[in-house]
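Comments concern the structure below.
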Amino acid sequence: MARPIPPRTAPPTGRGRCVDCGADFDDLAAVKPSASCDHEKIEYRWGRLVLAGTSPRAGSHWTDDGGSHERRGLKHRARQETRTVPIPPRLVELLCAHVENHGVGPDGRFFRGLHGGPLSESVYDRWWKLARKRTLTEAQVLSPLARRSYDLRHAAASLWLNAGVPPTEVARRLGHGVAVLLRVYANCIDGGDDTINDKIGDALG
2 MARPIPPRTA PPTGRGRCVD CGADFDDLAA VKPSASCDHE KIEYRWGRLV LAGTSPRAGS
62 HWTDDGGSHE RRGLKHRARQ ETRTVPIPPR LVELLCAHVE NHGVGPDGRF FRGLHGGPLS
122 ESVYDRWWKL ARKRTLTEAQ VLSPLARRSY DLRHAAASLW LNAGVPPTEV ARRLGHGVAV
182 LLRVYANCID GGDDTINDKI GDALG
């Protein structure tokens with residue numbers, strides 16, 4: 002099965018505050034130095050990504066233009082429909098720094114190949130395996146934990162549910178229904194047993 006590449010997006014937007022002068026910003030992408038402050042130190046807040054489409058790898062024999070990837074709308078949505086995804090402050094900071102240092106591709110893609118197109122599956126897979134080895138313990142590397150980047154979606158769903166976020170909101174942020182969430186994505190995250198036991202213990206009094 003072909004592996005889908007990351008969706009096309011608009012540049013990340015997020016709110017923040019200048020640590021030096023206290024100015025508040027509704028869109029960090031539009032922040033510029035003023036006469037009184039350069040706004041170099043920003044305290045990031047929650048932001049959002051606007052997903053505009055997908056480009057799954059279909060092979061040149063199956064696309065209209067002979068390219069290896071096919072432009073499509075978002076899954077289960079009209080072709081021109083977008084989806085807004087809230088992102089935490091740390092991710093806003095990382096993406097803003099990435100865009101400032103590297104820009105974005107012609108279609109808004111954050112991460113791209115040398116010629117501006119999508120990253121090849123071999124490059125993506127190689128770096129993902131390297132990241133797992135440098136981040137996880139030896140036992141975790143040998144386990145199924147985060148073996149694919151897509152597995153992070155399962156972990157996010159479980160993390161949000163364990164944090165007490167209502168299933169309806171978790172499902173909305175993931176872009177599907179509650180039934181799919183509980184059937185497919187609501188798995189236990191690694192090392193979460195103690196947290197769950199504490200919550201049950203607190204409820205029991």
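With my numbering, letter number 1 in the sequence shown gets 2, and the count goes up by one each step, no holes.
C-beta atoms are modelled at their ideal positions from N, C-alpha and C, and glycine is treated no differently.
DSSP has THR55 in a bridge; who is on the other side? Along the sequence shown, read from residue 1 onward, the residue named residue 55 stands at position 54. For THR55, which the question treats as bridged, DSSP gives the partners ARG73.
With a cut-off of 8 Å on the beta carbons, I'd call VAL51 and HIS40 a contact; round off their distance for me. If you number the sequence shown from 1, residue 51 lands on position 50. If you number the sequence shown from 1, residue 40 lands on position 39. Cβ-Cβ separation between VAL51 and HIS40: approximately 24 Å, too far for a contact (criterion under 8 Å).
Could you name the residues that DSSP lists as bridge partners for TYR151? Position 150 of the sequence shown, counted from the start, is the residue given in the question as residue 151. Answer by DSSP bridge pairing: none, since TYR151 is not bridged.
Quick one: using the 10 Å Cβ neighbour count with 16 as the cut-off for buried, is PRO119 buried or exposed? Along the sequence shown, one-based indexing puts residue 119 at 118. PRO119 comes out buried.
Cβ of ALA156 within 9 Å of Cβ of ARG133? The residue you call residue 156 lines up with position 155 of the sequence shown. The residue you call residue 133 lines up with position 132 of the sequence shown. The criterion of a C-beta distance shorter than 9 Å is not satisfied by ALA156 and ARG133.
Residue interval of the beta strand (DSSP E) (run including VAL86): On the sequence shown, residue 86 is found 85 positions in, with the first residue counted as 1. Residues 84-88.
If you draw a straight line from the alpha carbon of GLY202 to that of LEU162, how long is it in whole angstroms? If you number the sequence shown from 1, residue 202 lands on position 201. If you number the sequence shown from 1, residue 162 lands on position 161. Their backbone Cα atoms lie some 18 Å apart in a straight line.
By the DSSP assignment, the alpha helix (DSSP H) with ALA132 in it spans what residues? What you label residue 132 is simply residue 131 of the sequence shown in a count that begins at 1. Looking at the DSSP string, the run of the alpha helix (DSSP H) that includes ALA132 is 122-136.
Nearest by alpha-carbon distance to ARG72: which of ARG78, GLY54 and ALA79 is it? Numbered from 1 along the sequence shown, position 71 holds the residue referred to as residue 72. For the residues ARG78, GLY54 and ALA79, the minimum Cα distance to ARG72 belongs to GLY54.
Using the beta-carbon count (16 or more within 10 Å), is ILE197 buried or exposed? For the purposes of this step, residue 197 is taken as residue 196 along the sequence shown, with counting starting at 1. With fewer than 16 other Cβ atoms within 10 Å, it is exposed.
Can you tell me whether DSSP reads GLY202 as helix, strand or coil? In the sequence shown, residue 202 corresponds to position 201, counting from 1. Three-state DSSP puts GLY202 in a helix.
Leaving out the 5 sequence neighbours to the left and right, which residues in its chain are closer than 6 Å to ARG16 when beta-carbon positions are compared? Within the sequence shown, the letter at position 15 stands for residue 16. So the qualifying residues of the chain are ASP27 and ARG46.
CB of GLU1 within 9 Å of CB of LEU75, strictly: Residue coverage of the chain in this structure runs from 2 to 206, which leaves residue 1 outside it and unanswerable.
Can you say whether ALA158 is buried or exposed, counting buried as having 16 or more other CB atoms within 10 angstroms of its CB? Within the sequence shown, numbered from 1, the residue matching residue 158 stands at position 157. The residue is buried, with at least 16 neighbouring Cβ atoms inside 10 Å.
Own chain residues within Cβ distance below 7 Å of GLU94, not counting five before or after: Looking up residue 94 in the sequence shown gives position 93. Correct list, in chain order: TYR45.
Nearest-angstrom Cα separation, counted from GLY23 out to ARG174: On the sequence shown, residue 174 is found 173 positions in, with the first residue counted as 1. On the sequence shown, residue 23 is found 22 positions in, with the first residue counted as 1. Distance between the alpha carbons of ARG174 and GLY23 is about 31 Å.
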